[in-house]
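Undergrad: Mind looking over this structure? Questions follow.
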Amino acid sequence: MNDAMSLGIHRLWKNHFVQMLNPRGGIQCLDVAGGTGDIALRLLDHARTQHLDRETKVTVLDINPQMLLEGQKRLKNTLYWNTPQIKFQLGNAEALDQVMEVPERHNPPASTLKNPILPPLISEPIASESMDLYTIAFGIRNCTHIDEVIREAYRVLKPGGIFACLEFGKVSVPLLAELYKQYSFSVIPPLGQLLVGDRDSYQYLVESIERFPTQARFAEMVAEAGFLSPESVEAQSMGLPRLSGSNGSYEDLSLGIATIWTGIKPFA
3 MNDAMSLGIH RLWKNHFVQM LNPRGGIQCL DVAGGTGDIA LRLLDHARTQ HLDRETKVTV
63 LDINPQMLLE GQKRLKNTLY WNTPQIKFQL GNAEALDQVM EVPERHNPPA STLKNPILPP
123 LISEPIASES MDLYTIAFGI RNCTHIDEVI REAYRVLKPG GIFACLEFGK VSVPLLAELY
183 KQYSFSVIPP LGQLLVGDRD SYQYLVESIE RFPTQARFAE MVAEAGFLSP ESVEAQSMGL
243 PRLSGSNGSY EDLSLGIATI WTGIKPFA
């Protein structure tokens with residue numbers, strides 16, 4: 003789906019997202035709606051290759067068991083299989099105190115897409131002020147209560163911790179915005195039917211993007227939860243980190259087809 007909406011550019015956006023965050027120093031990361039491990043593995047690879055950091059850890063959380071199984075299957079072919087650097091949890095982004103850990107040592111091929119088989123789950127709620135970095139990429143628009151997701155992100159982050167969201171945005175050039183909207187609604191659903199026999203999911207995709215708040219409004223929601231802009235005078239007066247490539251509370255990518263929003267939890 004991301005390939006259809008971004009013409010394949012989403013991989014560059016994800017790379018930029020991780021490079022901007024620049025994970026390092028043995029931090030604790032939570033990647034929400036990241037079941038396939040796409041962002042998590044990028045975070046770990048960046049820490050390892052750019053900073054020789056083998057201590058940073060990522061918890062991958064998703065509400066969809068199928069995605070978690072896909073992520074564990076993918077993990078088997080990486081350096082991080084059977085290491086403490088990554089773990090998978092089943093749960094809702096709106097209630098991070100009610101999540102379950104999915105043990106690593108099981109056999110994903112025994113599962114099927116229609117009947118995912120998970121091993122016995124272990125209750126492991128995510129504690130308040132336990133994370134240094136919270137990421138969510140192309141997932142928050144699917145959440146029922148976006149404001150609750152942001153509040154939970156605030157709860158689990160340590161003071162000075164970073165909230166970072168990558169999501170489809172609103173194209174910033176009016177003429178191009180109209181053309182992109184026509185492309186989205188006229189081309190994407192039929193393309194989904196043609197490629198994978200699933201028009202409805204692609205129709206939902208374009209409608210969910212259309213319903214998602216504007217860049218400015220979502221930035222306001224992040225601020226309303228208590229986060230500071232990395233570039234704000236207040237954040238800098240507290241010595242909070244600047245994010246490379248981030249201008250203010252959000253950064254448009256490809257004229258706003260996608261956007262990165264960031265916020266920093268202040269010290270009390």
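Counting from 1 along the sequence shown, just add 2 to a position and that's the residue number in the working numbering. Just so it is clear, CB atoms sit at the ideal spot from N, CA and C, and this is done for glycine as well.
(1) Give me the Cα-Cα distance between V175 and W83, rounded to the nearest whole angstrom.
(2) Grab me the residues of R26's own chain with a C-beta within less than 6 Å of its C-beta, minus the 5 sequence neighbours each way, in chain order.
(3) Using three-state DSSP, classify W263 as helix, strand or coil.
(4) Determine the DSSP secondary structure at K16, reduced to helix, strand or coil.
(5) Which residue from I152, E126 and C167 puts its Cα closest to that of K16?
(6) Would you say F187 and V208 are within 8 Å of each other, going by their C-beta atoms?
(7) Give the secondary structure of Y82 by DSSP, where H, G and I count as helix, E and B as strand, and everything else as coil.
(8) Check whether the Cβ atoms of L135 and I259 sit closer than 8 Å, and answer yes or no.
(9) Do V34 and I138 count as a contact pair if the criterion is CB distance below 8 Å?
(10) Tell me whether the stretch 141 to 159 and the stretch 32 to 46 touch, counting them as touching only if at least three CB pairs, one residue from each stretch, are closer than 8 Å.
(11) Taking the alpha carbon of V62 as the point to measure from, which residue in R44, I128 and G36 has its own alpha carbon closest?
(12) Would you grab the beta carbon distance between F269 and M240 for me? Rounded to a whole angstrom, and I think it's under 8 Å.
(13) If we ignore side chains and look at the alpha-carbon of each, how far apart do F19 and H147 end up?
(14) According to DSSP, Q91 sits in a beta bridge with which residue or residues?
(15) Would you mind giving the Cβ-Cβ distance between V101 and L70, rounded to the nearest angstrom? I have them listed as a contact below 8 Å.
(16) For V175, name the three-state secondary structure that DSSP assigns.
(17) In the DSSP assignment, the beta strand (DSSP E) including D33 goes from what residue to what residue?
(18) Using alpha carbons as the reference points, say which of E72, P232 and A221 lies closest to G162.
(19) What is the DSSP secondary structure of G163, counted as helix, strand or coil?
(20) Can you tell me where the alpha helix (DSSP H) with M223 in it begins and where it stops?
(21) Mapping the DSSP letters down to three states, classify D55 as helix, strand or coil.
TA: A quick look at the data gives this:
(1) As a working note, residue 175 is residue 173 in the sequence shown. As a working note, residue 83 is residue 81 in the sequence shown. Their Cα atoms are separated by approximately 44 Å.
(2) Translated into the one-based positions of the sequence shown, residue 26 becomes position 24. A49, H53 and D55.
(3) Looking up residue 263 in the sequence shown gives position 261. The answer is strand: DSSP assigns W263 an E or B state.
(4) The residue you call residue 16 lines up with position 14 of the sequence shown. If DSSP states are grouped into helix, strand and coil, K16 belongs with the helices.
(5) Walking along the sequence shown from the start, residue 16 turns up at place 14. Answer by Cα proximity: C167.
(6) As a first step, residue 187 is located in the sequence shown; it is residue number 185 there, counting from the start. As a first step, residue 208 is located in the sequence shown; it is residue number 206 there, counting from the start. Cβ atoms of F187 and V208: closer than 8 Å.
(7) The sequence position of residue 82 within the sequence shown is 80, counting from 1. Of the three classes helix, strand and coil, the one that applies to Y82 here is coil, per DSSP.
(8) Taking the first residue of the sequence shown as position 1, residue 135 is located at position 133. Taking the first residue of the sequence shown as position 1, residue 259 is located at position 257. Not closer than 8 Å, so no.
(9) Locating residue 138 in the sequence shown gives position 136, counting from the first residue. Locating residue 34 in the sequence shown gives position 32, counting from the first residue. Yes; because the gap between Cβ atoms is below 8 Å, this pair is in contact.
(10) yes
(11) In the sequence shown, the residue the question calls residue 62 occupies position 60. Cα-wise, what sits closest to V62 is G36.
(12) On the sequence shown, residue 269 is found 267 positions in, with the first residue counted as 1. On the sequence shown, residue 240 is found 238 positions in, with the first residue counted as 1. So it is a contact: roughly 6 Å between Cβ atoms.
(13) Within the sequence shown, residue 19 is the residue found at index 17, counting from 1. Within the sequence shown, residue 147 is the residue found at index 145, counting from 1. The alpha-carbon atoms of F19 and H147 are separated by roughly 24 Å.
(14) Here residue 91 refers to the residue found at position 89 when the sequence shown is read from its first residue. For Q91, which the question treats as bridged, DSSP gives the partners L63 and E103.
(15) By 1-based counting over the sequence shown, the position of residue 101 is 99. By 1-based counting over the sequence shown, the position of residue 70 is 68. Not quite, the Cβ-Cβ distance comes to about 11 Å (not below 8 Å), so this is no contact.
(16) Taking the first residue of the sequence shown as 1, we reach residue 175 at position 173. The answer is coil: DSSP assigns V175 none of H, G, I, E or B.
(17) Walking along the sequence shown from the start, residue 33 turns up at place 31. Segment Q30 to V34, the beta strand (DSSP E) holding D33.
(18) By one-based count along the sequence shown, residue 162 stands at place 160. Considering only alpha carbons, the answer is P232.
(19) For the purposes of this step, residue 163 is taken as residue 161 along the sequence shown, with counting starting at 1. Note: G163 maps to strand in three-state DSSP.
(20) Here residue 223 is taken as the residue at index 221 of the sequence shown, counted from 1. Looking at the DSSP string, the run of the alpha helix (DSSP H) that includes M223 is Q217 to E226.
(21) Here residue 55 is taken as the residue at index 53 of the sequence shown, counted from 1. Three-state DSSP puts D55 in coil, outside helix and strand.
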